[in-house]
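Below is one structure, written out as structure tokens; comments come after it.
Numbering (my numbering), first residue to last: 322 to 655.
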């Protein structure tokens, strides 16, 4: 009976690994090029990517935001997030956001925004986006333009609200789970080449190189991730060469609302289009995970915090989700 029980346990672990990647409790310390740190995201993940970028502009050298509002757009107010920052962009006053960023810097809660002049910014907004009006992303462009960032902006494709690929997902004009659309455009490859220059050709990802880890070890004071609407486990893709000590780049990718693993399974982490580029070019990809919460903090759709459901400091280095992600990057060697 004991042999049968052991066999069942081993089989269950094997099935879990095949679906969720190899599991490890902690993130490994890797040989990371400290000048290579970049971040991307879609929807609320794009908002968080921008917040992370502005908060740590001295070390994050590039951001890719698909359907994302400008920094501090909601100003800590959910009514503003659900109106101005989604479908009423004329109400977004960029001077107020610039003043907010400067105030946060003077309070020592973000890096000097003047660092943004050395950053590369990649933006995408679909003409058919029915969730985040294209004018909102125009404001994101204006926010970064003020700081003299280098900007590449795609706003002429008939795409719905989604992460954009060239080989996976729904039709380009469809709004549906898992919110990944095949628009015959390799967004991941485009922004990675924009950030890093010429890259080796994309290859197939190696499924065994997708790993999971426990996010609780990286939260402030190791509080439960659920207390800040983050899932128990996160994911990372580690190319074969990076496991063997090669110097590697590091990129963070942030899913959108209703797009975490708890909602869509591994669709985003396996089909973002990032992992094949990562394998061919020694880029570690970190996939932190948010999760829905119907109590406090109230976040039923599993969005990243871009309006203040965790703390008023949500958009700064003191924000618990930003602090958690930054702790993960430090653990990886950034």
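Quick reminder that beta carbons are idealized off the backbone N, C-alpha and C, glycines included.
The alpha helix (DSSP H) with residue i in it runs from where to where?
| i | result |
| --- | --- |
| residue 346 | Careful: residue 346 lies outside any alpha helix (DSSP H) and carries neither H nor E. |
| residue 369 | 365-376 |
| residue 417 | 415-427 |
| residue 582 | 582-585 |
| residue 562 | 561-564 |
| residue 402 | 399-403 |
| residue 461 | 455-467 |
Just curious, the beta strand (DSSP E) that residue i is in, first and last residue?
| i | result |
| --- | --- |
| residue 605 | 604-608 |
| residue 537 | Here residue 537 belongs to no beta strand (DSSP E), and DSSP marks it neither H nor E. |
| residue 555 | 554-558 |
| residue 576 | Residue 576 -> no beta strand (DSSP E), and no H or E assigned at all. |
| residue 474 | 471-475 |
| residue 588 | Not the beta strand (DSSP E): residue 588 falls in the alpha helix (DSSP H), residues 588-592. |
| residue 484 | 484-486 |
Taking only the alpha-carbon atoms, compute the straight-line gap between residue i and residue j and give it to the nearest angstrom.
| i | j | result |
| --- | --- | --- |
| residue 477 | residue 646 | 32 Å |
| residue 587 | residue 579 | 12 Å |
| residue 435 | residue 469 | 9 Å |
| residue 492 | residue 507 | 14 Å |
| residue 497 | residue 651 | 35 Å |
| residue 428 | residue 386 | 26 Å |
| residue 577 | residue 454 | 16 Å |
| residue 397 | residue 634 | 9 Å |
| residue 363 | residue 380 | 21 Å |
| residue 474 | residue 619 | 33 Å |
| residue 399 | residue 424 | 21 Å |
| residue 566 | residue 351 | 7 Å |
| residue 439 | residue 471 | 8 Å |
| residue 561 | residue 530 | 7 Å |
| residue 465 | residue 414 | 14 Å |
Determine whether the beta carbon atoms of residue i and residue j lie at a separation below 7 Å.
| i | j | result |
| --- | --- | --- |
| residue 534 | residue 555 | yes |
| residue 611 | residue 640 | no |
| residue 598 | residue 395 | no |
| residue 444 | residue 378 | no |
| residue 524 | residue 569 | no |
| residue 393 | residue 636 | yes |
| residue 479 | residue 449 | yes |
| residue 416 | residue 406 | no |
| residue 431 | residue 376 | yes |
| residue 382 | residue 370 | no |
| residue 509 | residue 595 | yes |
| residue 374 | residue 419 | no |
| residue 550 | residue 574 | no |
| residue 410 | residue 456 | yes |
According to DSSP, is residue i part of a helix, a strand, or is it coil?
| i | result |
| --- | --- |
| residue 342 | Confidence is the limiting factor: at residue 342 the pLDDT is only 48, short of 50, which leaves the residue's position unreliable, though a coordinate-based value still follows. In the structure shown, residue 342 sits in coil (DSSP, three-state: anything other than H, G, I, E or B). |
| residue 506 | coil |
| residue 356 | coil |
| residue 640 | coil |
| residue 531 | strand |
| residue 444 | strand |
| residue 570 | strand |
| residue 620 | strand |
| residue 491 | strand |
| residue 379 | coil |
| residue 393 | coil |
| residue 613 | coil |
| residue 501 | strand |
Use the C-beta contact count for residue i: other C-beta atoms within 10 angstroms, 16 or more gives buried, fewer gives exposed.
| i | result |
| --- | --- |
| residue 626 | buried |
| residue 505 | exposed |
| residue 600 | buried |
| residue 518 | exposed |
| residue 488 | exposed |
| residue 540 | buried |
With 7 Å as the threshold, decide whether the Cβ of residue i is near any Cβ in chain D.
| i | result |
| --- | --- |
| residue 391 | The structure shown contains no chain D; it is built from a single protein chain. |
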